[in-house]
Each structure stands twice: as C-alpha cells, then as structure tokens.
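Chemist: Note that the UniProt record's numbering has the sequence shown beginning at 58, numbered continuously upward.
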Amino acid sequence: DPDGARRFDLGLRADGRSAFLPGRTTPTWGIDGDYLGPTVRVRTGERVRMTVTSALPERTSMHWHGMLLPARMDGGPHQPIEPGATWRPEWTIRQPAATLWYHPHAHGSTAVHVHRGLAGLLYVDDPGRAGLPDRYGVDDIPLILQDRSFTPDGAFVEDGVDSGTYGLLGDTMLVNGVHRPRLRLGVRTVRLRILNAANARVFHVGLADDRPFRVIGTDAGPLDRAVETTRVRLSPGERAEIVLTLAAGERVTLDSRGPADGTEPETGAFPLLLIEVATGAEPAAALPETPGPAPEPFRDTGVVRRFRLDQLDINGRRGDPARIDEVVPAGAHETWEITNGPYAHSFHIHGAHFRVLATEGAAAGPKDTVFVPPGASLRLAVRFGTDTDPATPYMYHCHLLRHEDGGMSGQFVVV
Ligand code: C2O
Ligand code: CU
Ligand code: CU
58 DPDGARRFDL GLRADGRSAF LPGRTTPTWG IDGDYLGPTV RVRTGERVRM TVTSALPERT
118 SMHWHGMLLP ARMDGGPHQP IEPGATWRPE WTIRQPAATL WYHPHAHGST AVHVHRGLAG
178 LLYVDDPGRA GLPDRYGVDD IPLILQDRSF TPDGAFVEDG VDSGTYGLLG DTMLVNGVHR
238 PRLRLGVRTV RLRILNAANA RVFHVGLADD RPFRVIGTDA GPLDRAVETT RVRLSPGERA
298 EIVLTLAAGE RVTLDSRGPA DGTEPETGAF PLLLIEVATG AEPAAALPET PGPAPEPFRD
358 TGVVRRFRLD QLDINGRRGD PARIDEVVPA GAHETWEITN GPYAHSFHIH GAHFRVLATE
418 GAAAGPKDTV FVPPGASLRL AVRFGTDTDP ATPYMYHCHL LRHEDGGMSG QFVVV
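1. Strictly closer than 5 Å from CB to any heavy atom of ligand 2: give me those residues in the order they appear in the chain.
2. Taking the beta strand (DSSP E) that Ile335 falls in, what are its first and last residues?
3. Just to confirm the assignment: which complete beta strand (DSSP E) runs, minimum length 3, are found wholly within the stretch 358–444?
4. Since Val181 and Thr246 should fall inside the 8 Å C-beta cutoff, what is the C-beta to C-beta distance between them, to a whole number of angstroms?
5. Under DSSP, the beta strand (DSSP E) around Asp267 begins and ends at which residues?
6. Hey, would you say the C-beta of Ala401 is under 8 Å away from at least one heavy atom of ligand 3?
7. Restricting to runs no shorter than 3 residues, where is the beta strand (DSSP E) found entirely within the stretch 85–124?
8. Give the straight-line distance between the Cα atoms of Arg70 and Leu113, rounded to the nearest whole angstrom.
9. If I measure Cβ to Cβ from Asp204 and keep anything under 6 Å in the same chain, skipping five residues before and after, which residues do I get?
10. Can you check which of these residues, Gly221, Ala401, Thr358, is closest to Val427 by C-alpha distance?
11. Who are the Cβ neighbours of Phe77 in its own chain at under 6 Å, not counting the five residues just before and after it?
12. On a Cα-Cα basis, can you pick out the residue from Asp370, Leu369, Arg363 that is closest to Glu383?
13. What does the alpha-carbon distance come out to for the pair Ala419 and Leu435?
14. DSSP on Ala155, reduced to helix/strand/coil?
15. Spatial neighbours of Glu417 within its chain, please: CB distance less than 8 Å, with the 5 preceding and 5 following residues excluded, ordered by chain position.
16. Taking only the alpha-carbon atoms, compute the straight-line gap between Ala335 and Ala304 and give it to the nearest angstrom.
17. Is it true that the stretch 192–207 meets the stretch 142–150, where meeting means three or more beta-carbon pairs spaced less than 8 Å apart?
18. Closer than 9 Å, CB to CB, is Gly337 near chain C or not?
19. His172 bridges to which residues according to DSSP?
20. From this set, Val97, Arg282, Pro447, Val171, which residue's C-alpha is nearest Gln468's C-alpha?
21. Considering only heavy atoms of ligand 1, does any lie closer than 8 Å to the CB of Glu461?
22. Just verifying my parser: in three-state terms, what is the DSSP assignment at Glu298?
23. CB-CB under 6 Å to Pro328, same chain, minus the five flanking residues each way: which ones, in chain order?
24. By a C-beta neighbour count over all protein chains shown, 10 Å radius and 16 as the cutoff for buried, is Pro199 buried or exposed?
25. Might you give, ordered along the chain, the residues of its own chain that have their beta carbon closer than 6 Å to the beta carbon of Arg375, omitting 5 neighbours on each side?
26. Can you find at least 3 beta carbon pairs, one from the stretch 181–192 and one from the stretch 85–95, that sit closer than 8 Å?
27. For residue 12, which option in Gly278, Val97, His162 has the closest C-alpha, if you only look at C-alpha atoms?
28. What is the rounded straight-line gap between the Cα of Gln368 and the Cα of Gly398?
29. What did DSSP end up calling Asp276 once you bin it into helix, strand or coil?
30. Quick check on the burial criterion: 16 or more other C-beta atoms within 10 angstroms. Buried or exposed for Thr358?
31. Under 9 Å between the Cβ atoms of Leu178 and Ile201?
32. Along the chain, where does the alpha helix (DSSP H) containing Arg459 start, and where does it finish?
33. Taking all protein chains shown into account, decide if Asn372 is buried (16 or more other Cβ within 10 angstroms of its Cβ) or exposed.
34. Given a threshold of 16 other Cβ atoms within 10 Å of its Cβ, counted over all protein chains shown, does Arg380 qualify as buried or as exposed?
35. Give the single residue among Ala342, Glu215, Thr222, Ala421 whose Cα lies nearest to the Cα of Gly243.
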C-alpha cells in the first residue's frame, strides 16, 4: 500500500473441488484456491494489512495463530466476518521469526470450517538472521498435516457430533492437501516446517527407519540450541521445524508412529511423505550451532494462575464469549499451571508465548500450543503481549477443534 504497509488479500471460497483420491472429486472450501490457502510471509518490524473477503454461505472469522497483536486484530469469535463482507485488520510485526498459521475461529463452527479446507501458513521472517535453509520449496518445505475420511462418492466425512471423544480421526492422511505425496529434492540438507492442522489427531513425526534429525524450532520461534531426536510429537495447532541431512540419490519416508494405548487421540502408524533426493543434489549445508537467540529471560513475578482441564470444562466452566475469566497486565510474565483430568487436550493461548517448565520429553523452545496428556500437570512460563484493550478479549482453549467448539475455552483481557 502507498503508506508502506504490506497488503495481503485472502479470498474465502466455498466452491472448491479437489481430487484427493483417484477418480473421486471432493467439494471443499479454500482460500484463493480449492483447498487450504497461500503461505503468507511477513517480516519482523513491518506493518501488515490483511484484506479477508468471505464468499462463504455462513459467518466465519480469520485468526492469526501465534501472532502477538492487538486483540481487535486477533480474528477470534469477537471479529466475525459475515457472508459477503470484508475484514481489514492491520498491525505491526513485533516478534521473531516463526512458523505461524491462520484459520477461522468463529464461535461454534471452527472445527467444520477448518475441516472443509480453510487454513494456511503464516511465516514471520527475520531477514537479520541467516544460516538456516530458507529457499521456499527448494530447501525450506512446508508440511501441513491433516487427516480426513471420505464417503464413497468422495465427499469429506464431516467432523460432527458423533465423531467420538476427541473429534474426527480420519483414515486418510493429507500433506499440503495431497494424499501420499512425493517430494523430490535437489538438496541434501532440507528444513521441514511441520504444522499439525488436524482437528483432533496427534502426529508423531519421524523417518521410517528412525534415524535421528535435528529440531531447530517450535511453535513461536527457533530454539537457541538444536535438539537431536528421532520423533516429534505434534498435537493439533503445534508446529515444529526440523532439519534433515540426506544422502544424494536416497529415498526416505516421513511417517507418523505413536503409542496406540488409548492415551492420545491418534492410533497406529502411517506414511506421510516420500522424499527422493536427486543423485546430483547440492552438497549438504552446514547449520548454525544456534538456530535462534537465547530466550529472553522470564521474570518470575510470582503470579500463578491455575487451570484444571476436564472433559470439556476449564476450572469447572464452559467458555462464554460474554465472560472475562482473567485480567492480565500488559507484558506480564506469569506461570500458568495446567492440570489435566482423564482426557488428552491441546492447550493454546492467544496473544502470548510460553515455554514449558516441567514436562517429560518436550522440546524447550518458544510455544503457543502444548499437548496435555491425560493426568498431566504442566507449568508454563507465559509472556504476554503489550497491546492493551480492556474491552476485547483474547482466548485460551483446547485446540482439539471439537473441544474448542464445545466450549473448552476461556477469555482474558490485557490491560
Ligand atoms: Cu489456532 Cu484459538 O487458535
Ligand atoms: Cu490462536
Ligand atoms: Cu480438548
């Protein structure tokens, strides 16, 4: 735009048609296309202006998951977009490089809108930091993981009232909207930015032969030290950035394999992506020891808030868009203690980033969403944004989308 703000136009459509399965056509929703949306790239420090126009037949919204921004721009249930309307939020990017995403967040219909195909990636780029693979589609590859089930005529089985405790668990895995895709690489060192955009399924991503790889980033930004592992667990809403170094000419399968003991909303093992490295691939690249800066210090102010999760309640209540549950001072550092009952959940906070203080096996990077196993207690060191608005709340909620729609949420204002 003339004033220097960078403008993005997103058109929400309900008339998509995709061929996920051979010989079958699936009606979908999409953003500027048939299914899913474009990867939007913004830079630290710049002003961005989004123009979101809806051609959908019902009310929706568009939320910038992981973004620190004024509550009126957040795109939650308090910023609905009516059919035919355009919503124009704008804000300044004041956070480090990270892999974020966007998706609808309308009251009671998030699960169905995301499931039909409304979601996309939102990268924050920080041109001041170099050293990681960053050639989009060449050595920096987005992987949006989802599961779907299909009717015999090809339509999606929708996430509905009878889809179980956690919501729909599909039998067909999609990566970037493609079933069993193949990735041909001309490089040996590749960065994969993985988003769990499923409604309920937890993915445990690794290589079929269980070889180690490096985790370089979590939801809200890079790690200050890469962590070597063989699997990353991603519950709905979580992201991880990993780096693989492969041999020229080799073929490897990225798959998901997790515990099938009923403690998580997922089952079994399934391939996600076949990776084929060209015989003449570019040589492996050296990676920086420190993908990101050391974490900014958490000032323990002694403020502790406690959240007890049950099947669909938080602290014994269902979410109510008209009720403010918590009031947080701008820029606050607080400890949030999450205690869980007998069901798995995925806990997400808007307008804030956190680090997990006490949990077995989780990467210690900056996050905005965390898996909460049955019976677990987690302590989160939360840093809130500095935008204040006593009248417009942010949300915290379970990111299993049927739980979110079912009222497993709360609201807070930053003042
Ligand atoms: Cu990704 Cu409140 O959402
Ligand atoms: Cu969010
Ligand atoms: Cu839940």
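A virtual CB, placed ideally from N, CA and C, is assigned to each residue, including glycine.
Modeler: Result, derived from the coordinates:
1. His122, His407
2. Residue 335 sits at position 278 when you count from the first residue of the sequence shown. First, the amino acid is wrong: residue 335 is Ala here, not Ile. Taken as a continuous stretch (DSSP letters only), the beta strand (DSSP E) holding Ala335 covers 326–339.
3. 361–366, 383–385, 390–397, 402–406, 409–413, 426–429, 434–441
4. The residue labelled residue 181 in the question sits at position 124 within the sequence shown. The residue labelled residue 246 in the question sits at position 189 within the sequence shown. Not confirmed; about 22 Å, so no contact.
5. Position 210 of the sequence shown, counted from the start, is the residue given in the question as residue 267. Asp267 -> no beta strand (DSSP E), and no H or E assigned at all.
6. In the sequence shown, counting from the first residue as 1, residue 401 sits at position 344. Yes, Cβ of Ala401 sits closer than 8 Å to a heavy atom of ligand 3.
7. 97–100, 104–111, 120–122
8. Along the sequence shown, one-based indexing puts residue 70 at 13. Along the sequence shown, one-based indexing puts residue 113 at 56. Arg70 and Leu113: Cα-Cα distance of roughly 6 Å.
9. Taking the sequence shown and counting its residues from 1, the one referred to as residue 204 is at position 147. The answer, listed in chain order, is Gly227, Met230, Ala255, Arg258.
10. Counted from its first residue, the sequence shown places residue 427 at position 370. Measuring from the Cα of Val427, the nearest candidate turns out to be Ala401.
11. Residue mapping note: residue 77 aligns to position 20 of the sequence shown, counting from 1. Result list for Phe77: Thr83, His236, in chain order.
12. Translated into positions along the sequence shown, residue 383 becomes position 326. Nearest option by C-alpha distance: Arg363.
13. If you number the sequence shown from 1, residue 419 lands on position 362. If you number the sequence shown from 1, residue 435 lands on position 378. Its pLDDT being 49, under 50, Ala419 is placed unreliably by the model, and nothing is read from it.
14. In the sequence shown, residue 155 corresponds to position 98, counting from 1. Reduced to three states, the DSSP call for Ala155 is strand.
15. For the purposes of this step, residue 417 is identified with residue 360 of the sequence shown, where counting begins at 1. Low confidence applies here, because Glu417 scores a pLDDT of 48, under 50, leaving its location unreliable; read the following figure in that light. Cβ within range, chain order: n/a, list empty.
16. Indexing the sequence shown from 1 puts residue 335 at position 278. Indexing the sequence shown from 1 puts residue 304 at position 247. Rounded to whole angstroms, Ala335 to Ala304 spans 9 Å at the Cα level.
17. no
18. Looking at the structure shown, chain C is missing, and only one protein chain is on hand.
19. What you label residue 172 is simply residue 115 of the sequence shown in a count that begins at 1. Paired residues: none, contrary to the question.
20. For the purposes of this step, residue 468 is taken as the residue at position 411 of the sequence shown. Among Val97, Arg282, Pro447, Val171, the Cα nearest to that of Gln468 is on Pro447.
21. For the purposes of this step, residue 461 is taken as the residue at position 404 of the sequence shown. Result yes, Cβ under 8 Å from ligand 1.
22. Looking up residue 298 in the sequence shown gives position 241. If DSSP states are grouped into helix, strand and coil, Glu298 belongs with the strands.
23. Within the sequence shown, the letter at position 271 stands for residue 328. Once the five neighbours on either side are set aside, the close Cβ partners of Pro328 are Thr310, Asp312.
24. The sequence position of residue 199 within the sequence shown is 142, counting from 1. Classification for Pro199: buried.
25. The residue given as residue 375 occupies position 318 in the sequence shown. Contacts found: Gly464.
26. no
27. With the chain running from 58 to 472 in the structure shown, residue 12 is simply not present.
28. Sequence index remark: in the sequence shown, residue 368 carries index 311 (1-based). Sequence index remark: in the sequence shown, residue 398 carries index 341 (1-based). Approximately 7 Å, taken between the alpha carbons.
29. As a working note, residue 276 is residue 219 in the sequence shown. DSSP places Asp276 in coil when its eight states are reduced to three.
30. Here residue 358 refers to the residue found at position 301 when the sequence shown is read from its first residue. Its Cβ having fewer than 16 others within 10 Å, Thr358 is exposed.
31. Residue numbering aside, residue 178 sits at position 121 when the sequence shown is read from its first letter. Residue numbering aside, residue 201 sits at position 144 when the sequence shown is read from its first letter. Yes.
32. Taking the first residue of the sequence shown as 1, we reach residue 459 at position 402. Looking at the DSSP string, the run of the alpha helix (DSSP H) that includes Arg459 is 458–462.
33. Indexing the sequence shown from 1 puts residue 372 at position 315. Flag for Asn372 reads exposed.
34. As a working mapping, residue 380 is identified with position 323 in the sequence shown. Per the 10 Å Cβ criterion, exposed.
35. In the sequence shown, residue 243 corresponds to position 186, counting from 1. Closest option to Gly243, Cα to Cα, is Ala342.
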